Amino acid sequence: MSELNLDAESITRNKSYGAMQHLQHLLKIGWLPESPLVKRFILENQLSTKDINEALSKIKEDN
């Protein structure tokens, strides 16, 4: 049986999440807004600081 080489980012990216939902997921699981992964994701998806703040607010509301 062959092994699957999947990481957390590729698993969530393969689901039908929008960019904002994926950003919220990354922040919810502990990635910091200043981290290289989140910064790259923001640039690739043309998101902004406002989007980060909205995602963080949504996470706080859900808790």
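Residue numbers (our numbering): 191 to 253. Backbone N, C-alpha and C define an ideal beta-carbon position, used for all residues, glycine too. Just so you know, these numbers come straight off a predicted model, no measurement behind them.
Item: Kindly give me the distance between the Cβ atoms of lysine 250 and glutamine 214, rounded to whole angstroms, as I take these residues to be in contact under 8 Å.; Value: Actually they are not in contact, since the Cβ atoms of lysine 250 and glutamine 214 sit about 11 Å apart, beyond 8 Å.
Item: Just reading off the alpha helix (DSSP H) that leucine 227 is part of, what are its end residues?; Value: 226-234
Item: Roughly how far, in whole angstroms, is the beta-carbon of leucine 216 from the beta-carbon of valine 228, given that I think they are within contact range, below 8 Å?; Value: 6 Å
Item: Under three-state DSSP, which class holds isoleucine 219?; Value: coil
Item: Quick one: what's got a C-beta closer than 6 Å to lysine 218's C-beta in the same chain, skipping five residues either side?; Value: Ile249
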